[in-house]
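Each remark here refers to the structure printed beneath this line.
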């Protein structure tokens, strides 16, 4: 009997940890997430059901340590050349059950991309924060605070807007930064995040990338306030809220890298974030494939199983073909993010544009073909018990994080056609 | 200017009463639903059920078609199709689920009472339920669906969910694990399209309080919160012979044609609301720094233009279907396969366009598109759920082929 493992993966370059990670995540998903996920929507505010599996994965299994160097208690993945390919496998497995959990898991590491990757490791900050994540069996979340009330994904549009719209300020005062501002939507907020990386400007209105600063802030510092979680169309496991910074004082050395480099390496978040979204799409589609297969085997049309109707089979083929395509392309994207020696630096606008291109194309395919699958399932397509509608809701949200589709299109056009004013 | 005024529709074909009803409904839903939405969200008891009562009972949509001598308003000429379209799109602007429920009631009324179609017996038997009660009547249908067992009698490829058998002057209707089209938990009246062994199928009305209806627990689902659906774990109901509203395909085609008009008009209403939301967003959102208004960006403006185009086309299509139902003889006749096929095509096109357009609008609004606070995501969920209830498009295409190509074995 065919199953999700029959879809192709590029075996030439899966990570050396692939087998181990795959079995850990598959078992964790089966035991800790799948039995409860249909109740997650109502758990968006409190995470009574969502917290226990995270405790096991992040705290007890120790996945929250993986990006930190080994000598600081981590797994050293930040220094490997297979971090993204390994992440792709993990993301797929989690997203098969719940892409909200997959996003929360992935976003946990976004702040550390600034300080844990070669060649811009910030050893002092890693030593400062590693104990929070590596010396506990409790889950600890981090958040990257980008979006602001006006302009939305303008913040992510660094190349053209160049930080001119950032209204969260970091003002130097002796040995400290004083941070003031208001952020919206960071993953892992709503009270979850213990550590945040905040995108600020040191010179409001400036279009000099050196004035964009990424500064770390601990949740328990005076002046930090996380609002209550937003209610969304899905993705309950990804908790988001408003977050306010009012005269928050942090040491000067809490800045991620330094003038110019904070803005430059922001591209690494964009590249890996978009690669991750492809993995979440692939994982969700695996699960839809499982549920759809059950449906078309059970249901009958004109005296035969539904899957035996030629017209229906055309749609089933489209769905499988899209999984094949998205999965292979996604792994290739992960490989491109890992192998800087072959594909250039991870922060490079060309690489970011290519990740965005594959991400928005994969998402368009998902939205189209999953919508058709829901329709094929008729009233059962909208049932929580059949799970497809959950993925459909969750992934629509994923289409719109880290910049809207239009931002993706603009960045792709800007790179491939050398546009100067977009 | 709201969407109803700027998005084109054939105003000239609607009479003053239709336009007045639309205005009344627009004002009512603004006050009773839109203004309370942020606080009450999708609260069934607090918002949706009381609003349904106002729409169906106080404004009177559930009496609309019934003859005056039976307590109704006697608006039962084919031209009532325009009234249905105008009413449902205003309701859907506020809540797609409420319009979806109303579409069931209006389709049933039309199929029972339309000039020359409704039987006097059925009117006499059911008009009191609609016209003389003290509350709104929730109508649900039991239609053929994909079966899980072999040997289930089929209608156009799908299995009948209910079977009926004559027992003297009565009908016994039976089935199990039935998925009604809506409101399995609340329905006051089920209209079941039933297989009858060795005979033509029968459409049988089953009051919700008939002994032998075992309702399951409320289903959690994507949208259409106004419809608290539940499976009927078992159905073993005996009803009087007069509860058989019609036999044979013609009646089913007639009912479904009006039902599809309701869904097309509901999709149109959802798109009017969508247009209003993105219009406000486009007016006020600033991107790329100061003085760059969202609606003035060429890329986003192009998408907003497409939203307006598709919204207009869906609205015109819905009214075109109303026009076909209003003059059925020009399109194959009321209850004809030709009209049924056209109605099914337009309903599918309207729902698919609505899904596409709201998807694109969500892209434009990014996180505001999926935050419940901004309301848009509810239309997206509701429209998708309604499209699913319309039935599988892959199989609807077989219906189109049956008519247009006279396929023999489909």
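Residue numbers (this note's numbering), protein chains in the order written: chain X, 1 to 422; chain W, 1001 to 1410.
No residue lacks a Cβ here, since even glycine has one placed at the ideal position from N, Cα and C.
Quick caveat: nothing in here was measured; it's all calculated off a predicted structure.
With the rule of 3 Cβ pairs closer than 8 Å, the segment 367 to 384 of chain X counts as touching the segment 1377 to 1396 of chain W. Listed by position along chain X, the residues whose Cβ is nearer than 9 Å to that of residue 1172 (chain W) form an empty set, because the closest Cβ is around 25 Å away. For residue 375 (chain X), a Cβ of chain W is located within less than 8 Å of the residue's own Cβ.
Taking a C-beta distance under 8 Å as the contact criterion, residue 1014 (chain W) and residue 1102 (chain W) do not qualify as a contact pair. For residue 284 (chain X), the closest C-alpha among the options X:310, X:97, X:263, X:331 is that of X:97.
At a cut-off of 8 Å between beta-carbon atoms, residue 359 (chain X) makes no contact with chain W. CA-to-CA, the gap between residue 1393 (chain W) and residue 311 (chain X) works out to about 10 Å. If you draw a 10 Å sphere on the C-beta of residue 1406 (chain W), you find fewer than 16 other C-beta atoms in it, and that means exposed.
Interface criterion met: the Cβ of residue 233 (chain X) is under 8 Å from a Cβ in chain W.
Residue 175 (chain X) is classed as exposed because its beta carbon has fewer than 16 other beta carbons within 10 Å across all chains shown. By the neighbour-count criterion, in which a residue is buried when 16 or more other Cβ atoms sit within 10 angstroms of its Cβ, residue 419 (chain X) is exposed. Between residue 1383 (chain W) and residue 1354 (chain W), the C-beta spacing is below 8 Å. In terms of Cα proximity to residue 1109 (chain W), the closest of W:1091, W:1129, W:1226, W:1151 is W:1129. For residue 1207 (chain W), the uninterrupted beta strand (DSSP E) run begins and ends at 1202 to 1207, by DSSP.
Under the DSSP definition of a beta bridge, residue 217 (chain X) partners with X:196. Judged by DSSP in its simplified three-state form, residue 401 (chain X) adopts coil rather than helix or strand.
Residue pairing by DSSP puts residue 1178 (chain W) in a beta bridge opposite W:1232.
Between residue 53 (chain X) and residue 33 (chain X), the beta carbon gap of about 5 Å places them in contact (Cβ cut-off 8 Å). When X:386, X:173, X:222 are compared, the shortest CA-CA separation from residue 287 (chain X) is found for X:386. By the rule that beta-carbons nearer than 8 Å mark a contact, residue 1359 (chain W) touches chain X. Near chain W, meaning a CB-to-CB distance below 7 Å, no residue of the segment 105 to 135 of chain X qualifies. For residue 26 (chain X), the enclosing alpha helix (DSSP H) covers residues 18 to 28. Under a 10 Å Cβ-count criterion, residue 1367 (chain W) is classified as buried, with 16 or more other Cβ atoms of the shown protein chains found around its own Cβ.
Per the Cβ contact rule, the segment 1359 to 1373 of chain W is not in contact with the segment 1317 to 1334 of chain W (fewer than 3 Cβ pairs under 8 Å).
Taking residue 1314 (chain W) as reference, the option from W:1068, W:1107, W:1345 with the minimal CA-CA separation is W:1345. Within the segment 1021 to 1049 of chain W, those residues whose Cβ lies closer than 9 Å to any Cβ of chain X are, in chain order, 1041.
Contact of residue 1129 (chain W) with chain X is not assigned, every C-beta pair being separated by 8 Å or more.
For residue 1179 (chain W), the chain X residues whose Cβ falls inside 7 Å of its Cβ are 379, in order along the chain. Per the coordinates, the alpha-carbon of residue 1340 (chain W) lies some 12 Å from the alpha-carbon of residue 1322 (chain W). For residue 1191 (chain W), the enclosing beta strand (DSSP E) has its first and last residue at 1189 to 1195.
Closest in C-alpha terms to residue 1140 (chain W), from the list W:1200, W:1149, W:1111, W:1186, comes W:1186. Using a Cβ distance threshold of 8 Å, residue 212 (chain X) and residue 263 (chain X) count as a contacting pair. Using a Cβ-Cβ cut-off of 8 Å, residue 308 (chain X) does not count as an interface residue toward chain W, since no Cβ of chain W sits closer than that to its own. Residue pairing by DSSP places residue 226 (chain X) opposite X:243 in a beta bridge. Residue 1133 (chain W) has its alpha-carbon roughly 30 Å from the corresponding atom of residue 1270 (chain W). For the options W:1142, W:1267, W:1257, the alpha carbon positioned closest to that of residue 1333 (chain W) is the one of W:1257.
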